[in-house]
Amino acid sequence: MTTSLFKEYKFQYQFPQYQWISYEDRAFDTTLYEKDGPIVRLTFNRPEKRNAFNDRQFLDLLAGLHKAADDPEVRVIIIRGHGSAFSAGHDLSSPEGDETIPIDPKYAPNVRDYFNVERRRCGKHEDILHYPKITIAQVHGYCIGAGEGVHASCDFTIAAEDAIFGVRGFGRLTLGLSFWNGSWPGGSQRARTASTIPEMSGKDAAERGLITRAVPKERLEEETERLARHLARMPRNTLALLKESINGMLDVTGMGVAWRAHYEGHISYQYVHFRPWELNFYKTRRDKGLKGFIDTRYQATSVEVKPSAES
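Its first residue numbered 0, the sequence shown is counted upward by one per residue in numbering that gives the first Met the number 0.
Here is the structure:
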């Protein structure tokens, strides 16, 4: 019989977020769920937004992962996008209800509030990273921001050669964060080099060792299917042990610390001091709106901006 202490331990440390998202009677309209024998395909289905994430789309993804985890026949999950892109990042026009701190005139959010929000956000990606079954990201078109986070959390990424990876919303150097960090194979020099490039093609990402493989766009589905079928034929326990072994070795290299640094970096960004010549996302968006910010950001990153003598 399970003790209350054991229940508390499991609640605190063992249950991933997706297990709390019910898939019973779920429509799966923003992330489609398709089962084909031992393979499940989770397809982002907001092509009019280039599959930019809002809260519902991510909840559908988590519910799909929960459903696939509960199905003993499923061995491999393919995550992909419908339309012209894998995912264009976060949908800034549709605030995410569970990740937006409620604004109360009588209450000012503190560091703990931001910490809880960002820890929950990062936890979703960690759940994919430590998912009990094999995950493959099938990337075409844009793979930006949150989309980059999803693909980097998967075990394998097969991309079209002309796919575009990046952190467009802020830019890696603007925000100081990247899912391609020093814990990934290739070491810190490769990660630093990747972080200086606002966007790169699937072919470039493969050559730098940041994804599994890049193939011509017309062969993307075929090559992803081939890898999935190959992995699905392997013994289930072998796959689980192999994945745990690899993730354990990566954790020894400091990957867990790198993930924590990522979401803690989001928190610190709320308090960063901007010099007059630097791009201040919050002030620019407040003064000029989202389109004005995008235009300003493009100008700031397209020309050399030098600090003033006073700074």
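From the three backbone atoms N, C-alpha and C, an ideal C-beta is built for every residue, glycine too.
Buried versus exposed, by CB contacts within 10 Å (16 or more), T223: buried
Under 8 Å between C-beta atoms of Q137 and L219: yes
D35, enclosing beta strand (DSSP E) - first and last residue: 30-35
Identity of the residue in T295, L128, Q18, S83 nearest L58 by Cα: Q18
Same chain only: Cβ atoms within 6 Å of F27, ignoring 5 sequence neighbours per side: D59
With 16 other Cβ atoms within 10 Å as the buried cut-off, status of D154: buried
Exposure label - M254; buried when at least 16 CB within 10 Å: buried
Close beta carbons around I20, own chain, < 8 Å, minus the five adjacent residues each side: L58, L61, A62, H65
Proximity to N44 [Cα-Cα], best of T295, A87, V75: A87
Alpha carbon of A205 to alpha carbon of A213, nearest angstrom: 6 Å
Option in N279, D286, D161 with minimal Cα separation from S83: D161
Spatial distance of I38 from T134 (CA atoms): 10 Å
Exposure of F391, with buried meaning 16 or more beta-carbon neighbours within 10 Å: In the structure displayed, the chain extends from 0 to 310; residue 391 sits before or after that span and is not available.
Per-residue DSSP class, three states only, for F43: strand
Environment of T283 [buried if 16+ CB atoms lie within 10 Å]: buried
For N109 and P234, the rounded distance between their alpha carbons: 48 Å
Bridge partners - H89, DSSP secondary structure assignment: F52
Span of the alpha helix (DSSP H), counted from its first residue to its last, around T237: 235-251
Contact test: R74 Cβ vs the ligand MG heavy atom, cutoff 7 Å: Of the ligands one can find in the structure shown there are none, so the ligand MG has no counterpart to examine.
R228 in three-state terms, based on DSSP: helix
6 Å Cβ shell around H150 - same chain, five flanking residues per side excluded: A136, V138, C142, T156
Separation of R228 from V73, as counted between CA atoms: 11 Å
Separation of H81 from N115, as counted between CA atoms: 32 Å
Of the residues L31, T211, H124, the one placed nearest P15, counting alpha carbons only: H124
Rounded straight-line distance, which links the Cα of L241 to that of L249: 12 Å
Beta-carbon proximity of L278 to L91, cut-off 8 Å: no
Selection from E23, S200, N236, T252 that minimises the alpha carbon distance to G75: It is Val, not Gly, that sits at residue 75 in the sequence shown. Ranking E23, S200, N236, T252 by Cα distance to V75 puts N236 first.
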